[in-house]
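Chains as they are written, first to last, in the numbering used here: chain X, 1 to 471; chain L, 472 to 757. First comes the structure, then the notes that go with it.
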Amino acid sequence: MTTLTIDEVTVHHGATRLVDAVDLRLEAGVPLTVVGESGSGKSLLAHALMGTLPGELRVAGRMALGGTPYDLATRPGRGLWGSRLAMLPQEPSLALDPTMRVRPQVAEGASVRRPGSRAARRAADRALDGLGLADAAHAWPHQLSGGMAQRVAYAAATVGGVDVLIVDEPSKGLDEAAVDRIADLLTAHLARGGLLLTITHDLRLARRLGGELLVMQGARVVDRGPGRTLLDEPTHDYTRALVAAEPTRWKHEWMATTRDPGASPEPLVSASGVTKGYGATTLFRDLSLEIGTGERWALVGPSGVGKTTLGNALLGLAPVDHGEVRHHPALAPGRAQKLYQDPVLSFPRRVALGSALGDVLRRHGVDRKRPERLMESVGLAPDLLARRPDQLSGGELQRLAVVRAMLLRPALVFADEPTSRLDLLSQERTMDCLMTEVDASGCALVLVTHDHGLAAAVTDRQVTLGAQRGP
Amino acid sequence: MSLAPLLQSDPAPTGGHPAAPGRRTAGRTVRALSAVTLLALVGFALAGPVLLADPAQQDLSRFLEPPTLAEPLGRDDFGRSVLARLAHATRLSLVLAALSVATALLLGTLTGLLAGWRGGWVDAVLRGISEAFVALPALLIVLLFAALAAGGSLWTLYVGLALAQWVEYFRVVRARSARVLATPAVEASRLLRLGPLHVVRRHLLPELRGTLATLASLGMVTAILAMSTLGFVKVGLQPPRTELGLMVTEAFPHYDTAPWMALAPVAVLFLLTVALLGLRRTEVTR
């Protein structure tokens, strides 16, 4: 029976230790899942196995696959790609070649002599058929949804019949249904006797896969054991913090605030009979909605059903095809703010954050003390302002976006999946900081998310989109 | 593979993509050498006309005098100082090229921003005009203008060069700014009511600066070469004005007896071109 063991893996960048002496053992049929926050070194571990780390990083350690020993410093993974070892990369929609159709792309991974041959194409067709993607064989990657791209990447990774599958953050940016589908595929891979190493910060996925669990923090493995025991009765402090960061287990002061539903006579935003579509597809039809002062709404539904479009329409950023969106005079320009899914894109790219924030202060005559106080309350050091957006972590930058949005004392904040790219701990910190501000200022919130747990924890009203649509 | 996503744990992220250090220092050396060469040429063009003799002063007794210490480039067929003429010609080329590039840059950037910002019919009209210019070879546009006004005036040459070049800036600025204006960052700054000046200053200019500088240094080369090409075929500036291309043509009949006459302007053209091209940053910073 095949096993993969790894001893004493370390990864260094200069003098900084990024992965510190990790041992692990993969056995056929038993999934191994590594969890931890961003920057804990879990992705680097996967890349060290694959031999895909950049040259500046120094790798050391031993690996044995089915009894054959390898020295990880020589990056042996490369020789095993496709036949023994494969990786399902992060953000598959970016990992697929945008200039190739799906079938030839999958066929490239087939273990035949020529990737263009009929045998390779047949193998690709079989793989795609098995995943219910036969119709997508001639599609381009940009035509696929996130979940479909994920399954195509899975087909391309496994068409060569690998034993060891390494999966890096498979749930990033996907909705729950798509994560469930990919979890089924991973389970099927195990059932065939494959080896599986999953890197994730999604505890729901970790729970679903079961098997062994490894918890990493600050380059080290701090806790390990059977997944269910670890997640249901965590004993280690860090694991306990990780589990408590799941939205369903949150306990924050702002969650207790009771809001009087009939407090304001007139709604801030009232949409009546709103319809919007792109081309032949209608995203939503005849939708009516009233958002009152201080209300907390969630727009939920799977990816691509028009949650963001609806939010933009409510904010007046996107026109609607039919119907009407009315704003209360209290919602004057500047008093409706938006938080973006990717905070890096919401700041001027080449400008120090301090200058970008300074413009807001000058333009609106905001007191200099206010951003300092806000930054302190969300746990951001003032010297971060000297950096450019790409030099901050996603969580820090999103918290800074919250600070920026709150400077103008908005009456409505539209948060468009503000934490979908963050790990659980950063998500909790960011949402806590957002909601504390929302709670203190009494402004209304519209939250777009596909995480039902998050929607339930943060909001008390919901609009569910796309229930009538197929996959 | 980009290093950035893997190095998230790095306590002080450096940002940007580290290039190979050897290549980076080589690039820096090339740029420094180019800058020194260009500064020397500019110095020559500025100081020469002040310090040296009158370039139009003839002395037929010293006709085709070979180079001496006092007159390092000798004298031409009218006994005029080649060095003094060269200084004047270099100054003319640099000033005229800089003026036309600056005009083209301003015109192209403004129209490009306008087209990218307003879209719709403004964009369609401006794009139509720019495509008409793209369809014609740049030199032909300058030629047309030179032919319109007889006597090879500086003015027509300047307008012709600027008109031939603004299209490049227009197209680049239009494409880039349309992309930048569609980003969430600009949407956010609209929601924050930061005004169009902020968008230009913080979003568009930082994004365009590098590309515009590269385009401008290329544009200087194109303008200088176009000018001397026209001078060479005698449709540009007319004698007795000194112009680099004209100097080459005038020196042609004497290439066997006085080769320095032709070589001097050619060398200046070559050095100007190499120095301006060498100033560009080779790695495009994304």
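Where a beta carbon is used, it is the ideal one built from N, C-alpha and C, also for glycine.
Could one say the Cβ of L:Thr682 lies closer than 8 Å to chain X's Cβ atoms, at least one of them?
On the second sequence, position 211 is the one that residue 682 of chain L refers to. Chain X, which has no Cβ nearer than 8 Å to the Cβ of L:Thr682, makes this no.
In terms of residue numbering, what span does the alpha helix (DSSP H) encompassing L:Leu607 cover?
By 1-based counting over the second sequence, the position of residue 607 of chain L is 136. Here L:Leu607 belongs to no alpha helix (DSSP H), and DSSP marks it neither H nor E.
Assign X:Ser43 to one of two classes, buried (16 or more other C-beta atoms within 10 Å of its C-beta) or exposed (fewer than that).
As a working note, residue 43 of chain X is residue 43 in the first sequence. With 16 or more Cβ atoms within 10 Å of its Cβ, X:Ser43 is classed as buried.
Unbroken beta strand (DSSP E) runs of length 3 or more, entirely within the segment 82-125 of chain X: which are they?
As far as the segment 82-125 of chain X is concerned, its whole beta strand (DSSP E) runs of at least 3 residues are 85-88.
Helix, strand or coil for L:Tyr726 per DSSP?
Taking the first residue of the second sequence as 1, we reach residue 726 of chain L at position 255. L:Tyr726 falls in the coil class under three-state DSSP.
For X:Pro69, which residues does DSSP report across the bridge?
By 1-based counting over the first sequence, the position of residue 69 of chain X is 69. The partner list for X:Pro69 (beta bridge, DSSP) reads X:Ala64.
For the segment 660-680 of chain L, which residues have a CB atom closer than 7 Å to at least one CB atom of chain X, in sequence order?
Listed by position, the residues of the segment 660-680 of chain L near chain X (Cβ gap below 7 Å) are Leu662, Leu663, Arg664, Leu665, Gly666, His669, Arg673, His674, Pro677 and Glu678.
Considering only their Cβ atoms, is the gap separating X:Ala271 from X:Gly306 smaller than 8 Å?
Taking the first residue of the first sequence as 1, we reach residue 306 of chain X at position 306. Taking the first residue of the first sequence as 1, we reach residue 271 of chain X at position 271. No, these two residues do not count as a Cβ contact at 8 Å.
Could you pull the DSSP bridge partners for X:Ile199 from this structure?
On the first sequence, position 199 is the one that residue 199 of chain X refers to. Its beta-bridge partners are X:Val34 and X:Asp168.
Could you please give the first and the last residue of the uninterrupted alpha helix (DSSP H) stretch that includes X:Phe414?
Taking the first residue of the first sequence as 1, we reach residue 414 of chain X at position 414. Not the alpha helix (DSSP H): X:Phe414 falls in the beta strand (DSSP E), residues Leu412 to Asp416.
If you compare alpha carbons, which of X:Val269, X:Gly41, X:Arg25 and X:Leu454 is closest to X:Lys251?
By one-based count along the first sequence, residue 251 of chain X stands at place 251. Of X:Val269, X:Gly41, X:Arg25 and X:Leu454, the residue nearest in Cα terms is X:Leu454.
Hey, does X:Val360 have any beta-carbon neighbour from chain L nearer than 8 Å?
Looking up residue 360 of chain X in the first sequence gives position 360. Yes, X:Val360 lies at the interface with chain L (some Cβ there is under 8 Å from its Cβ).
Report the residue from L:Leu504, L:Leu567 and L:Arg546 whose alpha carbon sits nearest the alpha carbon of L:Gly690.
One-based indexing of the second sequence puts residue 690 of chain L at position 219. Checked all of L:Leu504, L:Leu567 and L:Arg546; the closest Cα to L:Gly690 is L:Leu567.
So which residues of chain L does X:Gly334 contact, with C-beta pairs closer than 9 Å?
Residue mapping note: residue 334 of chain X aligns to position 334 of the first sequence, counting from 1. Per Cβ cutoff of 9 Å: Leu662, Leu663 and Arg664.
Do X:Leu447 and X:Ala415 have their C-beta atoms within less than 8 Å of each other?
Against the first sequence, residue 447 of chain X aligns to sequence position 447. Against the first sequence, residue 415 of chain X aligns to sequence position 415. In this structure, X:Ala415 lies closer than 8 Å to X:Leu447 by Cβ.
Rounded to the nearest angstrom, what separates X:Pro343 and L:Leu696 at their Cα positions?
Here the question's residue 343 of chain X lines up with position 343 in the first sequence. Here the question's residue 696 of chain L lines up with position 225 in the second sequence. In a straight line, the C-alpha of X:Pro343 is about 47 Å away from that of L:Leu696.
Taking one C-beta from the segment 557-577 of chain L and one from the segment 728-746 of chain L each time, how about it: are there three or more such pairs within less than 8 Å?
In short, these stretches touch, since the Cβ pair count reaches three.
Would X:Ala313 and X:Val274 be called neighbours here (beta carbons separated by less than 8 Å)?
The count along the first sequence starts at 1 and reaches residue 313 of chain X at position 313. The count along the first sequence starts at 1 and reaches residue 274 of chain X at position 274. A contact, by the Cβ cut-off of 8 Å.
What's the gap between the Cα of X:Leu331 and the Cα of X:Ser355?
Taking the first sequence and counting its residues from 1, the one referred to as residue 331 of chain X is at position 331. Taking the first sequence and counting its residues from 1, the one referred to as residue 355 of chain X is at position 355. Roughly 27 Å between the two C-alpha positions.
Distance cutoff 8 Å, beta carbons only. Does X:Phe347 sit that close to anything in chain L?
For the purposes of this step, residue 347 of chain X is taken as residue 347 along the first sequence, with counting starting at 1. Closer than 8 Å to some Cβ of chain L, the Cβ of X:Phe347 qualifies, so yes.
Could you give the residue range of the beta strand (DSSP E) that holds X:Phe284?
As a first step, residue 284 of chain X is located in the first sequence; it is residue number 284 there, counting from the start. From DSSP, the beta strand (DSSP E) with X:Phe284 extends over Thr281 to Ile291.
Along chain X, which residues have their Cβ under 7 Å away from the Cβ of L:Pro710?
Start at 1 with the first residue of the second sequence, and residue 710 of chain L comes out as number 239. Within 7 Å Cβ-Cβ: nothing; L:Pro710 doesn't reach chain X, min ~49 Å.
Of all the residues that make up the segment 144-165 of chain X, which are near chain L by a beta-carbon distance shorter than 8 Å?
Listed in sequence order: no entries.
Give the straight-line distance between the Cα atoms of L:Thr508 and L:Leu715, rounded to the nearest whole angstrom.
Position 37 of the second sequence holds residue 508 of chain L. Position 244 of the second sequence holds residue 715 of chain L. Cα to Cα, the separation comes out at about 18 Å.
How would you label L:Pro537, buried or exposed, when you count the other beta carbons within 10 angstroms and need 16 or more for buried?
Against the second sequence, residue 537 of chain L aligns to sequence position 66. Under this definition L:Pro537 is an exposed residue.
Quick one: Cα of L:Ser660 to Cα of X:Ala60, how far?
Reading the second sequence from its first residue, position 189 is the one you call residue 660 of chain L. Reading the first sequence from its first residue, position 60 is the one you call residue 60 of chain X. Distance between the alpha carbons of L:Ser660 and X:Ala60 is about 47 Å.
Look at the Cβ atom of X:Gly41, then the Cβ atom of X:Ala219, and state whether they are nearer than 8 Å.
Locating residue 41 of chain X in the first sequence gives position 41, where the first residue counts as 1. Locating residue 219 of chain X in the first sequence gives position 219, where the first residue counts as 1. Contact flag set, yes.
Should the segment 345-364 of chain X be called in touch with the segment 665-684 of chain L, which here means at least 3 C-beta pairs below 8 Å?
Touching, yes, given that three or more Cβ pairs across the two stretches are closer than 8 Å.
Please check if any C-beta of chain X sits within less than 8 Å of the C-beta of L:Thr693.
Along the second sequence, one-based indexing puts residue 693 of chain L at 222. No, its Cβ sits nowhere closer than 8 Å to a Cβ of chain X.
Anything in chain X within Cβ reach of L:Ala656, meaning under 8 Å, just list it in chain order.
Along the second sequence, one-based indexing puts residue 656 of chain L at 185. Leu345, Ser346, Phe347, Pro348 and Arg349, listed in chain order.
Quick one: residues in its chain with C-beta nearer than 6 Å to the C-beta of X:Gln150, no 5 flanking neighbours on either side, listed in chain order?
The sequence position of residue 150 of chain X within the first sequence is 150, counting from 1. Here the set comprises Pro92 and Ile182.
How would you label L:Gly702, buried or exposed, when you count the other beta carbons within 10 angstroms and need 16 or more for buried?
Position 231 of the second sequence, counting from 1, holds the residue named residue 702 of chain L. L:Gly702 should be labelled buried.
Using 8 Å as the threshold, is the C-beta distance between L:Gln529 and L:Gly545 below it?
The residue labelled residue 529 of chain L in the question sits at position 58 within the second sequence. The residue labelled residue 545 of chain L in the question sits at position 74 within the second sequence. The answer is no: Cβ separation not under 8 Å.
Report yes or no: is there a C-beta of chain L within less than 8 Å of the C-beta of X:Leu317?
The sequence position of residue 317 of chain X within the first sequence is 317, counting from 1. Closer than 8 Å: yes.
Note down the Cα distance separating X:Pro141 from X:Ala123, rounded to an integer number of angstroms.
Here residue 141 of chain X corresponds to residue number 141 of the first sequence, with the count starting at 1. Here residue 123 of chain X corresponds to residue number 123 of the first sequence, with the count starting at 1. Approximately 19 Å, taken between the alpha carbons.
Compare the beta carbon distance of X:Leu88 and X:Ala157 with 8 Å and say whether it is the shorter of the two.
In the first sequence, counting from the first residue as 1, residue 88 of chain X sits at position 88. In the first sequence, counting from the first residue as 1, residue 157 of chain X sits at position 157. Yes, Cβ-Cβ distance for X:Leu88 and X:Ala157 is below 8 Å.
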